[in-house]
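Protein chains in written order, with numbering that gives the first Met the number 0: chain A, 0 to 350; chain B, 0 to 350; chain C, 0 to 350; chain D, 0 to 350.
Where a beta carbon is used, it is the ideal one built from N, C-alpha and C, also for glycine.
Let me begin by presenting the structure, written as structure tokens, before commenting on it.
There are 4 protein chains.
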Amino acid sequence: MSGNTIGTLFRVTTWGESHGPAVGAVIDGCPPRLDLSAADIQKELDRRRPGGLPSASPRREEDRVEILSGVFEGKTTGTPISLLIRNRDADGSAYDGLRNLFRPGHGDFSYQAKYGIRDHRGGGRASGRETAGRVAAGAIARKIIAEAGITVSAWTRELGGIIARPLSLATAETSPLCCPNPEAEERMVKRLAEARTAGDTLGGIVEIVVRGCPPGLGEPVFSKMDADLAAALMGIGTVKGVEIGAGFAASRMTGSACNDPITPKGFRTNHAGGILAGITNGSEIVIRAACKPIPSIARPQETIDLQGRPAVVTIGGRHDASVIPRIIPVCEAMVAIVLADHLLRQRAIGR
Amino acid sequence: MSGNTIGTLFRVTTWGESHGPAVGAVIDGCPPRLDLSAADIQKELDRRRPGGLPSASPRREEDRVEILSGVFEGKTTGTPISLLIRNRDADGSAYDGLRNLFRPGHGDFSYQAKYGIRDHRGGGRASGRETAGRVAAGAIARKIIAEAGITVSAWTRELGGIIARPLSLATAETSPLCCPNPEAEERMVKRLAEARTAGDTLGGIVEIVVRGCPPGLGEPVFSKMDADLAAALMGIGTVKGVEIGAGFAASRMTGSACNDPITPKGFRTNHAGGILAGITNGSEIVIRAACKPIPSIARPQETIDLQGRPAVVTIGGRHDASVIPRIIPVCEAMVAIVLADHLLRQRAIGR
Amino acid sequence: MSGNTIGTLFRVTTWGESHGPAVGAVIDGCPPRLDLSAADIQKELDRRRPGGLPSASPRREEDRVEILSGVFEGKTTGTPISLLIRNRDADGSAYDGLRNLFRPGHGDFSYQAKYGIRDHRGGGRASGRETAGRVAAGAIARKIIAEAGITVSAWTRELGGIIARPLSLATAETSPLCCPNPEAEERMVKRLAEARTAGDTLGGIVEIVVRGCPPGLGEPVFSKMDADLAAALMGIGTVKGVEIGAGFAASRMTGSACNDPITPKGFRTNHAGGILAGITNGSEIVIRAACKPIPSIARPQETIDLQGRPAVVTIGGRHDASVIPRIIPVCEAMVAIVLADHLLRQRAIGR
Amino acid sequence: MSGNTIGTLFRVTTWGESHGPAVGAVIDGCPPRLDLSAADIQKELDRRRPGGLPSASPRREEDRVEILSGVFEGKTTGTPISLLIRNRDADGSAYDGLRNLFRPGHGDFSYQAKYGIRDHRGGGRASGRETAGRVAAGAIARKIIAEAGITVSAWTRELGGIIARPLSLATAETSPLCCPNPEAEERMVKRLAEARTAGDTLGGIVEIVVRGCPPGLGEPVFSKMDADLAAALMGIGTVKGVEIGAGFAASRMTGSACNDPITPKGFRTNHAGGILAGITNGSEIVIRAACKPIPSIARPQETIDLQGRPAVVTIGGRHDASVIPRIIPVCEAMVAIVLADHLLRQRAIGR
């Protein structure tokens, strides 16, 4: 992976800043003759759009995607697919007060250190808005893996410290917070309201499950399936931890408890989370991503200015109280992108 | 990252199987005119070698590294550095009984599914022995980053569920278990002995700390420092989870508690773990890797054979009771490799 | 290089089809704080636009470039620069008769064989129009190398078999055919008119010269400067041969004649064309690219249809009589892109 | 392509200096379950070894290849294949006089400029000896493409200005100079003897033909088959020009003469050299590489020393009078490597 491109054969490049003219993605290596329309992509984009959810930002974007290349008469041609999403509601002037200040928890300081310049409006490139390009690309990845019978689903495992014991996937799909447990969701909604009132924000944990994945995907030893999934998820701005299968809990198990016995019908347990030695084993892939609270809080914060002098920053503007649930389609997209790439790579070796 | 190569400018390719003639690494992109001797590399290799530690395997390897290219009269020339480590004590016959069986928790099943063939002796490519190449390459990476004032250290944060409250780094350096707390270490040694007696194994958590890292390293948005570190660590066979800074705990914090206030002297706290928006911020980089228990246990286990029939496998041979502490120089090596690559990449943009 | 992306650190991805909505490029890895405006890019695009030149197509495109990202208040930010050029005059219906036929000399047959589908309108992705994205990206590359004192110029060395003995670079710059010799140009214009009357087309040879290049650029052994330049030029649709310095003539020289003697003031001759062992030596880089005649001729041609049946194809539409001079800014752009990439790579090793 | 690695899926990394302990290659991405023995590779290495040919160097190397990994019980496993060739006859002291001098026509000057250091013995990394690793890797590539019915052959098209009108491939195969015309060969042998007597060297042109290549290989627009082949050949130290099909002659043809008419039985002519728009069209691929005379001549030459002072260099040691025919298996290897990579890439898109 290098800079703004991810993948070896299915390659996604995203571009764009929060308050520039547009964001977008170029997808190279998509197999030819796949049915693809703007509606296929729009459907996923709509899932990540700010909406009426309890945690949502009031910013309104239509997020209309335009396919500029790579599709001919409704089918992919094998050439690069360029996707464009205009930033229609990009009022950058709200950020004028932040031009010379570093917001704690954001990339302001580190971008300035790296590049000696930054587009301060809405976080520029480091904005969550960049993920629109990922979700758009992920919609194409999903179509590729769906042809091989693979699906990716994610839900809210935890929000603001409230753990949701999953009842069913169906419950999560119809839940505004993608929560698989209505009782937990009720408490989460209440906690979000409290945080918003307090001018504060909450974090949470997303669980992603991949079903139907054949054994054999993943390239040892530096592009293992778990390594690539970890990078793909840790590369989402909000994510501070990733675990596969039993994850951190595995570190407290004995070998005899942790090993998944193998039977003619498959693995008896799934502490491995579907991945052994970096290669899928045919079980469900189970991953969890820990998301920090959104750093944009409505409280004065201690910081410094561009000249290194002490300052206080107060962030106005429009912000969510939690990245959950909007981060969920982003997590799904990143997992789908990694899977699509490895599916193509495995085809190349003829299995 | 692709297959057996990691890095964009500082590129490491490892090769070799547990019971083949040798293992090794090719390092491409090492800057010229760096002092380098076999002894520099040997020193690191000796740290990961099976020894007399409480958790150690009785396998004896000299692990003598030979530099085959890229060094002239004691200095690197800028050309690829080829490192060779012969497998001297590679008795493959001990594995004959495993030729047609899949060991639970190992890559046997997934490698067979991927390639339709596998070198069953000692896990073949999926063996921990492959990491000798990583540690050797990491020794070179360490020298590169040391010139920029960057050091990487790791220690045992947890073993078999026993948490070590760190007293000092010096404590860990002289500890056989790399444990920063003598009292915890005593309990760990005892727990390891119990596990060994029970024919079982233990997992643990390694903490890696990077000191002296300048701000500005990391390439958004798909080769962020945290994403690359996560991939590098998750790509170690034993690792099932990675977290940066506050990690999973961040998901339970509020934004006002999690954000690190910025002062003229630096960040007041370090919940970010030294990385903001994927770019280093000048604070210490703090990462934790969760290691599962070694899957080679001395107990009969339920499995299947190559034909899919039920079977019982009992693993003989020589195995550690825990990957800790031998995994520690491997973790350090992977982190050093990622840092060296990003250091060179940052130089290219002239900062 | 992989698919539609070229470069290791300065990375250019182009996308778009001749008669789709737009063409464009994403440039990743551009150093920050470089002055950049749409006008900088437009200037280069205007050079490759169909104009009133003797060889020109009557197709009219405004070719207005829009910068969608990566530039903030007139300066690059280090993030990806997305460039968009709408296809305004894209009348695809003229190509309806070609939907089921393969035009000789074009990529129709090979694209169909590769992808099992193709956008037949104007050659789709294989159209010369794709090079607009390259020229736009090249404009940025030129700015990067200009800061290091490097310039790239190209001119017509030969057209339709007429050789131009160069008088001066200035002559070529003001010549409609980029021809450095007015007498030769007069004959070229006449030959082009004859070809056009005959419904035929002509090829030629472009010479590219790089001035001010420091010694030391190029990465042995598979990303040598000459190897990368050869790939960059051979990857232009029309190019069938590339030579550096003495080129093919070197194969008929003796070693004593071909070797360039070295003096305290530099190399006495330049048969090497500025590159030794794949690394620049400080002399001018001299490259020649042989361009075949444009395959779109106004004569009936023998071919087959999609079903493999014999057919006759007659190509209507708007076409140039020669790729020269429009290919010249494309050649320059590709050379500039390669140089910019190697300049950044060399910085990484600290020289 | 980056540095010392070539390929996207079939990836070859070479390492080693002329007078270091060894040279070698690591091949990553070789499909599993391919029969492979050291003898398969040795056969190709023996073809490039200095022998009793009229043009040959008296240096004697056994060039015994050792397979260190990636092969189990005679079959590839899908893991990296490490190949080692010891430098047995590496007498570096003969080069002591060259430590501070730059040999004209060699990489001495440019390597010094790039790295600020160089292994001066026998050209170090820039030595032709490095190509042993390429030929070894090419032997594996040949086996991969052979399974798809593809073969690569090369012969001497021209040597010292003497053109060989090809009689038959069989003639070239049994010829000491790989010359397809006995009468021309006789004159070449004489010309070589004259050059050797004069302390001089000769260049020549190699023609490479690929038979049995299916249509559809090559990735537009920056990894086209012709672009990748051009880079692979131009990246051989001796090559100064590359042309495909009609090549430079195409620049003097009209479109009506150059276009290859398409018939139900295939292309009527092959001016395209088997490649259209960068993708193979099913015809033979025909490429020519122009090789300069070997720069190591037995005459005093004008040069400078490390301090930039005028000097005279006289090269002793053991050298060929021409790179032909020893360069021929190297050309074949590079072409085979590119084809193997594209064959795997094409499989990935499911065609």
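Alpha-carbon to alpha-carbon, residue j and residue i
i	j	result
Asn269(B)	Gly277(B)	15 Å
Thr12(A)	Ala24(A)	5 Å
Gly15(C)	Leu83(A)	12 Å
Leu176(D)	Val334(A)	56 Å
Thr116(A)	Leu305(A)	First, the amino acid is wrong: residue 116(A) is Ile here, not Thr. Near 11 Å, if we compare the C-alpha coordinates of Leu305(A) and Ile116(A).
Ala140(C)	Leu216(A)	38 Å
Val311(B)	Gly240(A)	36 Å
Asp95(B)	Gly121(B)	10 Å
Gln41(D)	His341(C)	36 Å
Pro53(C)	Val70(B)	With a pLDDT of only 48 at Pro53(C), under the threshold of 50, the placement of this residue in the model should not be trusted; the figure read from the coordinates follows. So the alpha carbons of these two residues sit roughly 58 Å apart.
Helix, strand or coil at residue i according to DSSP, with G and I counted as helix
i	result
Cys330(D)	helix
Gly122(C)	helix
Gln306(A)	coil
Gly51(C)	The predicted position of Gly51(C) is uncertain, since its pLDDT is 41 and thus under 50; no value can be drawn from it.
Ala320(C)	coil
Arg85(B)	strand
Phe266(C)	strand
Met0(A)	With a pLDDT of only 47 at Met0(A), under the threshold of 50, the placement of this residue in the model should not be trusted; the figure read from the coordinates follows. Residue state, collapsed to three classes: coil.
Ala131(B)	helix
Asp107(D)	helix
Under 7 Å by beta carbon: chain C residues contacting residue i
i	result
Pro353(A)	The shown model of chain A, from 0 to 350, leaves out residue 353(A), and the question about it has no answer.
Gly77(B)	Ile348
Leu216(B)	Ordered by position in chain C, no residue passes the 7 Å Cβ test against Leu216(B), which lies about 13 Å from the chain.
Ala230(D)	Ala226, Asp227, Ala229 and Ala230
Under 8 Å by beta carbon: chain C residues contacting residue i
i	result
Leu343(B)	Ala347 and Ile348
Strand pairing of residue i, partner residues [DSSP]
i	result
Cys290(B)	Gly203(B) and Val238(B)
Arg210(C)	Thr150(C)
Val70(A)	Thr75(A)
Gly91(A)	DSSP output for Gly91(A) lists no bridge partner at all.
His278(B)	Here residue 278(B) turns out to be Ile, not His, going by the sequence shown. Note: Ile278(B) sits in a beta bridge opposite Leu275(B).
Leu354(C)	No answer is possible for residue 354(C): the residues shown for chain C start at 0 and end at 350.
Ile284(D)	Val209(D)
Burial state of residue i, where buried means 16 or more other Cβ atoms lie within 10 Å
i	result
Leu168(B)	exposed
Asn99(D)	exposed
Pro260(A)	exposed
Arg63(A)	exposed
Thr365(D)	Residue coverage of chain D in this structure runs from 0 to 350, which leaves residue 365(D) outside it and unanswerable.
Lys189(B)	exposed
Gly51(C)	For Gly51(C), the predicted model reports a pLDDT of 41, less than 50, meaning its position is unreliable; a value from the coordinates is still stated below. Gly51(C) comes out exposed.
Asp34(A)	exposed
Pro181(D)	exposed
Any non-hydrogen atom of the ligand HEM closer than 7 Å to residue i Cβ
i	result
Leu338(B)	Annotation note on the ligand HEM: not contained in the displayed structure, which lists no ligands.
Proximal residues of chain D, C-beta to C-beta of residue i below 8 Å
i	result
Leu275(A)	Ordered by position in chain D, no residue passes the 8 Å Cβ test against Leu275(A), which lies about 16 Å from the chain.
Gly211(C)	Those within 8 Å of Gly211(C) in chain D number zero; the least Cβ separation is about 15 Å.
Chain-ordered neighbours of residue i on chain C, where CB pairs are closer than 9 Å
i	result
Tyr94(D)	What Tyr94(D) touches in chain C: nothing, since even the nearest Cβ is about 16 Å away.
Lys113(A)	Pro31 and Gly77
Partner residues on chain B for residue i, Cβ-Cβ distance less than 9 Å
i	result
Arg10(D)	Ser1, Gly2, Asn3, Thr4 and Thr12
Gly382(A)	No answer is possible for residue 382(A): the residues shown for chain A start at 0 and end at 350.
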